[in-house]
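Going letter by letter, the sequence shown gives residues -23 to -1, 1 to 95 in mature numbering (1 follows the signal peptide of the UniProt record, and there is no 0). Note that CB positions come from ideal geometry on N, CA and C, so glycine has one too. Everything on this sheet refers to the single structure shown next.
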Amino acid sequence: MRKLSVIAILMIMLFSFSSFASAQDATSPPYYLSGNVSYEATYYNQNFNAPGSVTLTLLKVTSDGDVPVGSKTVIVRPGETKTERVLLASNLPADYYKLKISYGSSSVIVYADRIIQE
């Protein structure tokens, strides 16, 4: 029963983030990361007439504000659903980082995501 509760809470959080993220830019809470950092997610373009895009930016948390350390853009064809892993930065020193998702098109939804540290 406890395992089911944890899964239910994670699903609620996932759907909350993806519905929020599809409407506007979103930034994650800080994560303590180092080494090579990738982002894997499933992307869905609700528009069947035009491609959409999502820009993923890894930000280092500093006392003077967040500083970009890596960025990639994922293009999603009309009506396409795809899962893609994107390397955001290599050889990062251990520190706190955030992920910012910027939507080039409001028709793209990002879900089932995870940050991968290697």
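For residue i, the three-state DSSP class (helix, strand or coil)
i     : result
S67   : strand
A(-3) : Because A(-3) sits at a pLDDT of 43, beneath the cut-off of 50, its placement in the model cannot be relied upon, and the following sentence gives the value as read from the coordinates. In the structure shown, A(-3) sits in a helix (DSSP, three-state: H, G or I).
E57   : coil
P6    : coil
S79   : strand
Distance between beta carbons of residue j and residue i, contact taken as under 8 Å
i   : j   : result
I92 : Y21 : 20 Å between Cβ atoms; not a contact.
Y28 : V53 : According to the sequence as given, residue 28 is Pro; it is not Tyr. Confirmed, Cβ separation roughly 6 Å.
T19 : T60 : 5 Å
K75 : D41 : Going by Cβ atoms, the distance from K75 to D41 rounds to 14 Å, so no, they are not a contact pair.
Residue range of the unbroken beta strand (DSSP E) whose run includes residue i
i   : result
S30 : 29 to 39
Q94 : 85 to 94
Bridge-paired residues (DSSP) for residue i
i   : result
V44 : K37
N22 : V85
S15 : L64, I93
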